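Engineer: My questions all concern the structure below.
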Amino acid sequence: MKRIIDLSHDIFHQMPVFPADPAVGVLKHHDYQNGYFVSQVIFGTHTGTHIDVPIHKLKGGKSIDEVPIDAFVGKAYVMDLTSLKPLEEIGRKHLDPYAEKLKNINAVIIKTGWASHFGKDDFFTSFPGLSEEAVDWLAEHEIRLIALESPSVNAIKHAEIHTLLLEKEIYIVESIANVEQIKNDYVELFAVPLKLKGLDGSPVRAFAIEE
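Just so we're aligned, residue 38 is where the sequence shown starts under the working numbering, counting upward by one.
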């Protein structure tokens, strides 16, 4: 029997966002005065559980509407790296034991347990992240979609690691939730964004399907 696991954080008024990102505002536009309820939502393109595409770091890179929709879906291996410490970088030594698991796989969910820090002071500052050699490793293994519990790819070198990933057209889903609810090693991962013309990212309703 199929199971669907929601991997997304709620989006709500004044929710935690990455430092310097736009605040989230949820406003009532119509509150049943005319018989219906309509809201206005103001948020940045990297709010909550979201995806990054090349134009985020590469001038002239693909925008969210230019990336084929099948790039946001893939058969994913759930990689257990819950032993990582805060600020620890993921290197080849962490990834090599999983190399044989990635045959005919184009996506990876990196399980660190960091989503449990959501709403805490250290969520945006102390998370484990990818190193330069991890980016090369993922590209060598033809991974095209990664999903992380952390709010970015590296707490210290986030700009550099973002650029390296997006240069290789490895799309990045950040701030996923509920990874601990996944029971299988392999799932179908869906992280489909809004079709925002010319833009650099989008919140997603990410989910995994277990067979």
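Positions of the beta carbon are idealized from the N, C-alpha and C atoms, including for glycine.
Model, not experiment: these values are computed from the prediction.
Check GLU137 in the structure and name its three-state DSSP category.
Structural biologist: Taking the first residue of the sequence shown as position 1, residue 137 is located at position 100. Here GLU137 sits in helix by DSSP.
Engineer: Here's the rule I'm using: 16 or more other beta-carbon atoms within 10 Å means buried, otherwise exposed. How should TYR73 be labelled?
Structural biologist: Reading the sequence shown from its first residue, position 36 is the one you call residue 73. Flag for TYR73 reads exposed.
Engineer: Which of helix, strand or coil does DSSP assign to PRO230?
Structural biologist: Along the sequence shown, read from residue 1 onward, the residue named residue 230 stands at position 193. Strand at PRO230.
Engineer: What residue does the alpha helix (DSSP H) around ASP68 start on, and which one ends it?
Structural biologist: For this step, residue 68 is matched to residue 31 along the sequence shown. Run containing ASP68: none in the alpha helix (DSSP H); it sits in the beta strand (DSSP E), 62-68.
Engineer: On the criterion of 16 or more Cβ atoms from any shown chain inside 10 Å, does TYR114 qualify as buried, or is it exposed?
Structural biologist: Within the sequence shown, the letter at position 77 stands for residue 114. So TYR114 ends up on the buried side.
Engineer: Which class does ASP173 belong to by DSSP, given the choice of helix, strand or coil?
Structural biologist: As a working mapping, residue 173 is identified with position 136 in the sequence shown. Residue state, collapsed to three classes: helix.
Engineer: Output the residue ranges of the alpha helix (DSSP H) runs that lie fully inside the region 176-226 and measure 4 residues or longer, sorted by chain position.
Structural biologist: Listed in chain order, they are 195-204.
Engineer: Can you give the Cα-Cα distance for HIS195 and TYR69, rounded to whole angstroms?
Structural biologist: Along the sequence shown, read from residue 1 onward, the residue named residue 195 stands at position 158. Along the sequence shown, read from residue 1 onward, the residue named residue 69 stands at position 32. Answer to the nearest angstrom: the Cα atoms are 44 Å apart.
Engineer: Applying the 10 Å Cβ sphere with the 16-neighbour rule, what's the burial state of MET38?
Structural biologist: Stepping through the sequence shown from its first residue, residue 38 is reached at position 1. Per the 10 Å Cβ criterion, exposed.
Engineer: Would you kindly report the start and end of the unbroken beta strand (DSSP E) that includes ARG40?
Structural biologist: Position 3 of the sequence shown, counted from the start, is the residue given in the question as residue 40. Run containing ARG40: 40-43, per the beta strand (DSSP E) assignment.
Engineer: Could you check whether GLU247 and VAL224 sit closer than 7 Å to each other, using their CB atoms as the reference points?
Structural biologist: Numbered from 1 along the sequence shown, position 187 holds the residue referred to as residue 224. Numbered from 1 along the sequence shown, position 210 holds the residue referred to as residue 247. Yes, Cβ-Cβ distance for VAL224 and GLU247 is below 7 Å.
Engineer: When the distance is taken between beta carbons, is ILE101 closer than 7 Å to SER212?
Structural biologist: The residue given as residue 212 occupies position 175 in the sequence shown. The residue given as residue 101 occupies position 64 in the sequence shown. Not in contact: SER212 and ILE101 (Cβ atoms no closer than 7 Å).
Engineer: Is it buried or exposed for LYS64, if we count other Cβ within 10 angstroms and need 16 for buried?
Structural biologist: Taking the sequence shown and counting its residues from 1, one reaches residue 64 at position 27. For the sequence presented, residue 64 should be read as Leu rather than Lys. Its Cβ having fewer than 16 others within 10 Å, LEU64 is exposed.
Engineer: When the distance is taken between beta carbons, is LEU182 closer than 7 Å to GLY98?
Structural biologist: What you label residue 98 is simply residue 61 of the sequence shown in a count that begins at 1. What you label residue 182 is simply residue 145 of the sequence shown in a count that begins at 1. Not in contact: GLY98 and LEU182 (Cβ atoms no closer than 7 Å).
Engineer: Return the CA-CA distance between GLU125 and VAL190, expressed in angstroms with no decimal places.
Structural biologist: Numbered from its first residue, the sequence shown carries residue 125 at position 88. Numbered from its first residue, the sequence shown carries residue 190 at position 153. If I take the Cα positions, the gap works out to 12 Å.
Engineer: Given a cut-off of 7 Å on the beta-carbon distance, is the pair PRO230 and ILE88 in contact?
Structural biologist: The residue you call residue 230 lines up with position 193 of the sequence shown. The residue you call residue 88 lines up with position 51 of the sequence shown. Against a cut-off of 7 Å, the Cβ pair of ILE88 and PRO230 comes out as a contact.
Engineer: Apart from the five residues on each side of it in sequence, which residues of its chain come closer than 6 Å, Cβ to Cβ, to PRO165?
Structural biologist: Your numbering for residue 165 matches position 128 in the sequence shown. Excluding sequence neighbours, PRO165 sits near LEU121, GLU125 and THR149.
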